[in-house]
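Start counting the sequence shown at 13; every next residue gets the next number (this note's numbering).
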Amino acid sequence: MIYTAACAGTGLLALRMLGILHTTVSMMAAPLLSTAVVLGQALLASIWLLFGLVGWLKPLPIWLMIMIMLAVLLVQPVGVSRLARQPLIALLGWWLTETPLPRLLTVSTALLVLAFAVAAWIKPPFGDAEAFYMTYARIIAASGRLEPMPGLYETFSSIGMIGEPHFAALIALSGVPAAKLFVWPLAIAGAGLLLAIGRLAGLGSRGSLLLLVMLFTTTAYTHHIWDGKVDLFAAALGLLAVYWTLAARTTRTGKSALVLAGLAAGFAVVAKFSYAISLAPAMLVLLWWPHCKADIPRFRATLIVGCAAAVATIPHLVKNWAMFAAPLAPFLGGSSDQNWLQQVWFAPNVVQWIIATYPFALTFGRYPMQGGNLSFLWLTLLPLLWWLPRPEQLRDSVLFQLCLAGLAGMLVWIVLRPSIIAPRYLLAVLLLFYPLAARAAEHMLDNQCAPKLLGAAIYAVALGALAIFSYPVLPAAAESARQLLGRGSGPCALASIHCAPLQQLNAEAMPGDRVYTLGYYTYWMRDDLLQCKDRGGEYAMARFSGAGKGLSWDALAAGGFRWLVIDRTSHGQAYDALMNTPRPDHVQLDIRQQQNGIQILRLIYDEVTAQRICRQTAGGTWTLTAQP
């Protein structure tokens with residue numbers, strides 16, 4: 013929590029510099045605390061990027077910066093304790109006066125949220141986190157320097173980074189579990205911002221509770237609390253941008269609020285490029301919506317937000333300029349291979365079906381790479397909208413504006429990226445539909461004329477949703493109990509199939525051995541092996557042609573590779589092609605037993621054959637050099 017407090021200190025300092033802190037604290041303690049954490053972590057991530065570029069992302073500089081931000085936090089006239097105490101006291105007061113069902117729902121939600129923290133600490137990285145996000149963070153933490161990731165993902169390192177610098181900093185300080193756990197307070201801060209948006213839309217306490225239940229039964233949100241990916245950084249920043257766009261209408265510092273909204277939007281786009289497509293239309297709807305409380309002309313407000321968003325991208329541009337000599341990479345420069353920017357996931361007939369079944373595809377779809385769904389509660393509760401009184405002026409309804417903003421972002425996404433069905437790519441925009449469903453249900457709960465059985469059914473469905481979506485964290489809870497009893501299942505407990513074979517490699521490989529990998533998942537390798545593995549140019553050798561050109565035993569030996577790791581489930585053809593390639597007499601081969609489709613080969617040859625070797629230069633840093 014010290015690290016999260018440092019983020020809050022950074023955010024409070026920024027709010028004070030913007031002139032927002034002293035004018036709003038009395039009326040919005042909870043949103044301000046969430047804002048401080050979400051904004052502060054984005055600013056701190058930008059600092060870590062700059063530290064990494066000069067090789068300072070090491071424990072001592074990191075601790076010094078954390079101490080500075082904690083000192084800033086302590087000297088603030090409004091501290092985190094006060095900001096946190098006010099909403100907690102209000103929550104406790106409401107809970108004590110409520111009826112049993114909402115009290116039970118509140119406790120159940122809190123227990124599930126705590127279970128997500130356990131899962132974040134216990135479960136190893138999974139999926140894309142095991143391939144890139146957490147693996148790259150480990151490499152950065154080991155060397156203290158930000159450089160392109162060795163191997164397959166070298167050009168992918170040009171993406172925007174908000175979560176990865178935090179992961180690297182926390183790994184350098186305390187290890188991977190601490191890095192993964194940091195997403196949990198960020199997820200809570202994101203929930204606080206969604207609740208604040210709901211409050212601006214007119215939700216009361218029961219509606220806010222249902223909104224919270226919807227969020228924490230959204231697997232596109234909750235799965236990324238514990239899997240080690242960075243999607244929630246973009247989602248939280250997107251919600252921050254929406255909140256302050258709305259709050260700018262009512263706060264006395266409207267211009268500063270718009271600057272804050274723009275910074276958040278810019279950081280959200282850096283964290284996830286897909287938000288440039290989805291968040292921008294949603295923001296434009298809210299900025300250009302006609303309302304009587306606007307003190308700043310719409311064009312000027314849009315200009316303020318746009319300029320602030322551009323400022324937020326500067327650290328990213330500096331990073332790509334330093335690493336690739338191409339500030340606008342990956343869109344302009346950096347690499348000739350930009351196929352990953354133009355992804356098509358499914359065939360045209362499947363895409364047509366996906367589009368025809370929106371929003372059900374987002375809620376119930378089980379497509380490859382989807383990465384979670386929206387909560388079924390929002391579609392379940394939405395029919396109650398029929399009994400929700402219509403406002404006298406529909407255009408003044410914030411609920412209506414939020415739905416139109418969400419619809420605009422979703423439609424633009426469908427037009428520009430129809431084959432990519434992944435709520436996580438535009439999650440902050442899709443969450444704008446939730447307050448309407450929560451308000452409709454709240455109206456029925458508060459309506460004395462509504463059947464009591466209906467109110468009980470609403471709570472029962474919400475409790476059922478919490479029970480259903482607790483299943484992913486049950487294995488983590490069981491493993492946590494085993495570890496507390498001293499009966500843990502070892503490092504590969506709950507891990508993917510890549511853990512065991514790569515742990516075997518770690519046990520046998522010498523320090524600084526070079527490993528050539530034909531596969532996507534290298535997280536479980538030792539730090540030195542990750543830093544010494546194949547580079548982008550060497551990885552290109554694996555692109556076999558019909559003439560048999562490409563990777564060869566001579567090339568592997570000349571590159572100094574002592575180990576070859578091949579995932580035959582994804583690179584089986586490459587393995588077959590290599591094994592059919594004539595092997596020279598001076599290169600001997602030791603084929604290890606295949607595990608879970610992972611084949612490990614040891615190459616044995618004279619030292620003089622290698623033209624490149626990997627040496628430890630300082631601390632945990634390993635670099636490639638020519639053989640002397």
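The beta carbon of each residue, even a glycine, is placed where N, CA and C say it ideally should be.
Would you grab the beta carbon distance between residue i and residue j for me? Rounded to a whole angstrom, and I think it's under 8 Å.
{"i": "ILE316", "j": "VAL271", "result": "6 Å"}
{"i": "ALA622", "j": "GLN639", "result": "6 Å"}
{"i": "MET685", "j": "VAL441", "result": "Nothing about residue 685 can be reported from this structure: the residues present for the chain run from 13 to 640 only."}
{"i": "GLY632", "j": "ASP539", "result": "6 Å"}
{"i": "ARG580", "j": "GLY609", "result": "5 Å"}
{"i": "HIS178", "j": "GLN88", "result": "Actually they do not touch by this definition, with Cβ atoms about 22 Å apart."}
{"i": "ILE612", "j": "LEU517", "result": "6 Å"}
{"i": "ALA277", "j": "PRO435", "result": "So it is not a contact: roughly 19 Å between Cβ atoms."}
Does residue i have its Cβ less than 8 Å from a Cβ in chain D?
{"i": "TRP300", "result": "Of the chains in the structure shown, none is chain D; there is only one protein chain."}
What did DSSP end up calling residue i once you bin it into helix, strand or coil?
{"i": "VAL577", "result": "strand"}
{"i": "GLY560", "result": "With a pLDDT of 40 at GLY560, under the threshold of 50, the modelled position of that residue is not reliable, and the figure given next carries that caveat. GLY560: coil per DSSP, three-state reduction."}
{"i": "ARG150", "result": "helix"}
{"i": "TRP634", "result": "strand"}
{"i": "VAL37", "result": "Because VAL37 sits at a pLDDT of 47, beneath the cut-off of 50, its placement in the model cannot be relied upon, and the following sentence gives the value as read from the coordinates. The answer is coil: DSSP assigns VAL37 none of H, G, I, E or B."}
{"i": "CYS544", "result": "helix"}
{"i": "ILE308", "result": "coil"}
{"i": "CYS504", "result": "coil"}
{"i": "ARG627", "result": "strand"}
{"i": "SER268", "result": "helix"}
{"i": "LEU344", "result": "coil"}
{"i": "ILE642", "result": "It is not possible to answer for residue 642, since the shown part of the chain is limited to 13 through 640."}
{"i": "ALA321", "result": "helix"}
{"i": "PRO492", "result": "Rather than Pro, the amino acid found at residue 492 in this sequence is Ser. Reduced to three states, the DSSP call for SER492 is helix."}
{"i": "LYS241", "result": "coil"}
{"i": "CYS19", "result": "helix"}
{"i": "LYS135", "result": "coil"}
{"i": "HIS583", "result": "helix"}
{"i": "PHE285", "result": "coil"}
{"i": "HIS510", "result": "coil"}
{"i": "TRP536", "result": "coil"}
{"i": "PRO594", "result": "coil"}
One question on the structure: do residue i and residue j come within less than 8 Å of each other, judged by their Cβ atoms?
{"i": "ALA18", "j": "LEU56", "result": "yes"}
{"i": "MET81", "j": "THR22", "result": "yes"}
{"i": "LEU224", "j": "THR121", "result": "yes"}
{"i": "ILE470", "j": "LEU486", "result": "no"}
{"i": "LEU478", "j": "LYS135", "result": "no"}
{"i": "THR529", "j": "VAL473", "result": "no"}
{"i": "LYS192", "j": "GLY240", "result": "yes"}
{"i": "SER286", "j": "TYR437", "result": "yes"}
{"i": "PRO162", "j": "GLN543", "result": "yes"}
{"i": "GLY105", "j": "GLU454", "result": "no"}
{"i": "ALA3", "j": "TRP196", "result": "Absent from the structure is residue 3, since the part of the chain shown begins at 13 and ends at 640."}
{"i": "ALA201", "j": "VAL49", "result": "yes"}
{"i": "ARG574", "j": "ARG614", "result": "yes"}
{"i": "LEU185", "j": "LEU61", "result": "no"}
{"i": "GLY175", "j": "SER46", "result": "no"}
{"i": "PRO430", "j": "VAL527", "result": "no"}
{"i": "LEU443", "j": "LEU251", "result": "yes"}
Taking 7 Å as the cut-off, does the CB of residue i come closer than this to any heavy atom belonging to the ligand FMN?
{"i": "ILE101", "result": "With respect to the ligand FMN, the structure shown offers nothing to examine, as it has no ligands at all."}
Considering only the alpha carbon of each residue, which of the options lies closest to residue i?
{"i": "PRO403", "options": "LEU394, ALA368, LEU448, ILE366", "result": "LEU448"}
{"i": "LYS284", "options": "LEU244, THR369, LYS267", "result": "LEU244"}
{"i": "LEU439", "options": "ILE367, VAL281, ALA569", "result": "VAL281"}
{"i": "LEU86", "options": "ALA154, ALA20, TRP256", "result": "ALA20"}
{"i": "TRP565", "options": "TYR587, ARG547, PRO435, GLY548", "result": "TYR587"}
{"i": "ALA567", "options": "ASP546, GLY202, TRP425, ILE367", "result": "ASP546"}
{"i": "ALA141", "options": "ALA232, VAL242, MET79, THR118", "result": "VAL242"}
{"i": "GLN606", "options": "GLU520, HIS583, PRO513", "result": "PRO513"}
{"i": "TYR15", "options": "ILE74, PHE388, TYR379, GLY383", "result": "ILE74"}
{"i": "PHE279", "options": "THR109, PRO327, TRP365, ASN361", "result": "PRO327"}
{"i": "ASP597", "options": "ILE616, HIS583, ALA589", "result": "ILE616"}
{"i": "LEU414", "options": "LEU206, MET79, PHE128", "result": "LEU206"}
{"i": "ARG407", "options": "PRO360, GLY476, VAL297", "result": "VAL297"}
{"i": "ILE480", "options": "SER387, PHE412, ASN592", "result": "SER387"}
{"i": "THR593", "options": "LEU563, SER186, LEU123", "result": "LEU563"}
{"i": "THR392", "options": "GLY476, SER46, SER58", "result": "GLY476"}
{"i": "LEU249", "options": "PHE228, SER268, LEU291", "result": "LEU291"}
Any idea which residues DSSP pairs residue i with across the strands?
{"i": "LEU613", "result": "LEU576, ILE603"}
{"i": "TYR370", "result": "According to DSSP, which records beta bridges pairwise, TYR370 is partnered with nothing at all."}
{"i": "VAL527", "result": "TRP575"}
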